[in-house]
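Asker: Take numbering that gives the first Met the number 0: the final residue in the sequence shown is number 74, and no numbers are missing along the way. Positions of the beta carbon are idealized from the N, C-alpha and C atoms, including for glycine. Mind having a look at this structure? Questions to follow.
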Amino acid sequence: MMKKGGLKDFTRDIVVEVDGKRVDLPQLEGIVIMNILSWASGANLWGHEKDEKFNRPTHYDGMLEVVGVTGIVHL
């Protein structure tokens, strides 16, 4: 249920846990949880650069990606 007044500052009202660890959230406009490589008609939230610290997500790796979005640029 959406609280009265919308979801402004919703990160104060939710808790996100990943692998049993609480995640401190910055100021966000939304959270996307997915198991595919892109969203919103093909948007690639990870970019094209390779980062050795992270594995490239795939739809068959058994993992869910949790991504915070900060504004319209991510939509």
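Which one or two residues does DSSP pair with Gly-67 in a beta bridge?
Answerer: Ile-30
Asker: Using the C-alpha atoms, what's the distance from Gly-29 back to Ile-35?
Answerer: 18 Å
Asker: In three-state terms, what does DSSP make of Arg-55?
Answerer: coil
Asker: Three or more beta-carbon pairs under 8 Å between the region 53-69 and the region 20-27, yes or no?
Answerer: yes
Asker: Quick one: give me the first and last residue of the beta strand (DSSP E) that Lys-20 is part of.
Answerer: 20-22
Asker: Only counting the same chain, and skipping five residues up and downstream in sequence, which positions put a Cβ closer than 7 Å to that of Val-17?
Answerer: Val-65
Asker: Taking only the alpha-carbon atoms, compute the straight-line gap between Glu-51 and Met-33 and give it to the nearest angstrom.
Answerer: If you draw a straight line from the Cα of Glu-51 to the Cα of Met-33, it comes to about 22 Å.
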